[in-house]
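These protein sequences, in sequence, are chains G and P. Take the first sequence: its position 54, counting from 1, is numbered 914 in our numbering, and each next residue is one higher. Take the second sequence: its position 89, counting from 1, is numbered 97 in our numbering, and each next residue is one higher. Beta carbons: idealized from backbone N, C-alpha and C, even for Gly.
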Amino acid sequence: GAGVSQSPRYKVAKRGQDVALRCDPISGHVSLFWYQQALGQGPEFLTYFQNEAQLDKSGLPSDRFFAERPEGSVSTLKIQRTQQEDSAVYLCASSPRQGSYYNEQFFGPGTRLTVL
Amino acid sequence: SQQGEEDPQALSIQEGENATMNCSYKTSINNLQWYRQNSGRGLVHLILIRSNEREKHSGRLRVTLDTSKKSSSLLITASRAADTASYFCATVRTGGGADGLTFGKGTHLIIQP
C-alpha cells in the first residue's frame, strides 16, 4: 500500500466524548497536513507537521483539537469533548518535501466523524 | 476561511463536450493547484501551476493562471463519464512559513453519458 491511509474510516461519537483519528502517511514523506471538510465545502487547513515538528497549528478551531506526530511518521488528531459542529470529514495529506511551493499533496480517504 | 470561489458551483454537460471551471482567490500566492474529489473519497492532485507560469497542460487538462486578476481556469476537453466529480482549486500563500493549502468551495461536475 503506497498511499496515505486513515483510520477509522467512520466514527460516531456521542457529544462530549473524546476521539482519536489516525493517519499513516506515505513512507518517507516529510510533510503532513490535517484538513477538515464540512459537507458541501472545500477542505479547510487545520495543522502542518514537518517531520515531528508542528510548524503551523493556526487552523485548529479550538483548544479541544490537538495533533501530534511524535516520531515523524504516523500522526494522530485528537478531539476532546466533541461537539456537533465537529461533525465533518477529516482528511490527512502528506508531501515528500518540506513546503508546498513545488509539491503536490497526497490525500488519504478521510475519516467521517459524526457527533450525535 | 475559504480562500476563493470556484465558478460555477455546479456544471452538467454531455459526454464529449468540454468543461470549463473558474477559480478566484484573494491573496498573493506561490502556486495554484487543482484537485479532484470523487464522492466519498479523498482528493487527487491534477495539476500545479506556479505563480510565474500562465498556462499548463496535462493530457486532457489545461490550466491558466492570471495573477493580475487573481484567477485561474481549468479546462477538461472531450469529457468522459469518469470525469464526474468535484473539482477544487487550492492556493499556497506566499511567505509566513504557512504551507497548508487554502481551498475554494469546489465545482461539482456531472458528465451525462
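Quiz prompt | Residue from Y33/P, D15/P, W42/P, S94/P with nearest C-alpha to S165/P | solution = An answer regarding residue 165/P cannot be provided, because it is not within the stretch 9 to 121 covered by chain P.
Exercise. For V872/G, count neighbouring C-beta atoms within 10 Å of its own C-beta (all shown protein chains included) and say buried if the count is 16 or more, exposed if not.
Key: In the first sequence, the residue the question calls residue 872/G occupies position 12. So V872/G counts as exposed.
Practice problem: Look up P914/G in the DSSP assignment and say whether it is helix, strand or coil. | Solution: Position 54 of the first sequence, counted from the start, is the residue given in the question as residue 914/G. According to the sequence provided, residue 914/G is Gln. The question's Pro does not apply to it. Of the three classes helix, strand and coil, the one that applies to Q914/G here is strand, per DSSP.
Self-check item: Rounded C-alpha distance that separates I118/P from S80/P
Solution: By 1-based counting over the second sequence, the position of residue 118/P is 110. By 1-based counting over the second sequence, the position of residue 80/P is 72. Those two C-alpha atoms are separated by around 20 Å.
Practice problem: Spell out a yes or no on whether the stretch 889–897 of chain G and the stretch 905–915 of chain G are touching, meaning 3 or more CB-CB pairs, one atom from each, closer than 8 Å. | Solution: yes
Exercise. Measure the Cβ-Cβ separation of D878/G and S865/G and say whether it is below 9 Å.
Key: On the first sequence, position 18 is the one that residue 878/G refers to. On the first sequence, position 5 is the one that residue 865/G refers to. Contact flag unset, no.
Quiz item: Per DSSP, D884/G forms a beta bridge with which residues?
Solution: Taking the first sequence and counting its residues from 1, the one referred to as residue 884/G is at position 24. Partner(s): S865/G.
Quiz item: Tell me, which residues are paired with Y870/G by DSSP?
Solution: Start at 1 with the first residue of the first sequence, and residue 870/G comes out as number 10. Paired residue(s): R972/G.
Practice problem: For E945/G, name the three-state secondary structure that DSSP assigns. | Solution: As a working mapping, residue 945/G is identified with position 85 in the first sequence. Reduced to three states, the DSSP call for E945/G is helix.
Quiz item: Can you tell which of L109/P, G108/P, V100/P, S94/P has its C-alpha closest to the C-alpha of A27/P?
Solution: For this step, residue 27/P is matched to residue 19 along the second sequence. A27/P has its Cα closest to that of S94/P, out of L109/P, G108/P, V100/P, S94/P.
Exercise. Determine the burial state of K113/P: buried for a count of at least 16 other Cβ atoms within 10 Å of its Cβ, exposed for fewer.
Key: Reading the second sequence from its first residue, position 105 is the one you call residue 113/P. Buried, because 16 or more other Cβ atoms sit within 10 Å of the Cβ of K113/P.
Self-check item: Where the stretch 81–98 of chain P meets chain G: residues whose CB sits under 7 Å from a CB there
Solution: F96
Quiz item: In three-state terms, what does DSSP make of A953/G?
Solution: Working through the first sequence from its first residue, we reach residue 953/G at position 93. Strand.
Quiz prompt | DSSP state of A86/P mapped onto helix, strand, coil | solution = Within the second sequence, numbered from 1, the residue matching residue 86/P stands at position 78. Three-state result, A86/P: coil.
Quiz item: Touching or not, the stretch 25–39 of chain P and the stretch 924–931 of chain G, by the rule of three or more beta carbon pairs under 8 Å?
Solution: no
Self-check item: Close Cβ partners of R924/G (< 7 Å) along its chain, the five nearest in sequence each way excluded
Solution: As a working mapping, residue 924/G is identified with position 64 in the first sequence. These residues qualify, in order along the chain: I939, Q940, R941.
Quiz item: To which residues of the same chain is L976/G closer than 6 Å at the C-beta, ignoring the five residues directly before and after it?
Solution: The count along the first sequence starts at 1 and reaches residue 976/G at position 116. K874, listed in sequence order.
Quiz item: Since S50/P meets chain G, which of its residues come closer than 7 Å, beta carbon to beta carbon?
Solution: Looking up residue 50/P in the second sequence gives position 42. Contrary to the premise, residue 50/P reads as Gly rather than Ser in this sequence. Here the neighbours are L951, F967, G968, P969, G970.
Self-check item: Rounded C-alpha distance that separates I44/P from G876/G
Solution: One-based indexing of the second sequence puts residue 44/P at position 36. One-based indexing of the first sequence puts residue 876/G at position 16. The sequence given here has Arg at residue 44/P, not Ile. Each residue's alpha carbon lies about 34 Å from the other.
Self-check item: chain G residues whose Cβ lies nearer than 8 Å to that of T115/P
Solution: Sequence index remark: in the second sequence, residue 115/P carries index 107 (1-based). Result: empty, since nearest Cβ-Cβ is about 10 Å, beyond 8 Å.
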